[in-house]
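Worksheet for the structure shown next.
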Amino acid sequence: MTELLYEDLTAKVRQSAFEVHEYFRNGFLEKVYENALAYKLKKQSINCEQQVPLKVYFEDQVVVGEYIADLVVENKIIIELKTAENLDKIHFAQVKNYLKATGYRLGLLINFGKITLEFKRIII
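Per our numbering, the sequence shown starts with residue 689, numbered consecutively.
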């Protein structure tokens, strides 16, 4: 069986996200879920930074833009949270752009906006 990239860490994030969703369900602002998920991860001694600026470089390392990631976990995984009715192509593209800009390999797109939590792994 093939091991997934950061499988154990991803499992902890997923479980924490499910617990946050179980507690709040859908309907809250994205920031509520972000703060709660960050709290759950930090409670497990998992390094988690919120609202992390991600610089976009061009050619001679000139900064040409900046994204803001909702969460960066253990300097390995970028997490983008949504409270959308449905995940759209633009949401997946957003995470892919974060990964391209940073060189990170794994992004998680988590949608708290539905009755059932949506959890997507994006790898480049």
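Even glycine gets a Cβ: it sits at the ideal position worked out from N, Cα and C.
- Assignment of F807 by DSSP, reduced to helix, strand and coil, places it in the strand class.
- With a cutoff of 8 Å on beta-carbon distance, L729 and V708 are scored as not near each other.
- Nearest in C-alpha terms to Q739, of all of N714, V752, I767, is I767.
- Under the 10 Å beta carbon count, L692 is surrounded by fewer than 16 other beta carbons and is classified as exposed.
- Spanning the alpha carbons of F706 and K700 requires a straight line of approximately 10 Å.
- If you draw a straight line from the Cα of I734 to the Cα of K777, it comes to about 30 Å.
- Rounded to whole angstroms, the gap between the alpha carbons of L769 and V752 is 24 Å.
- Straight through space, the alpha carbons of N723 and D696 are spaced by roughly 22 Å.
- Closest option to G801, judged by alpha-carbon separation, among Q703, R713, T698: R713.
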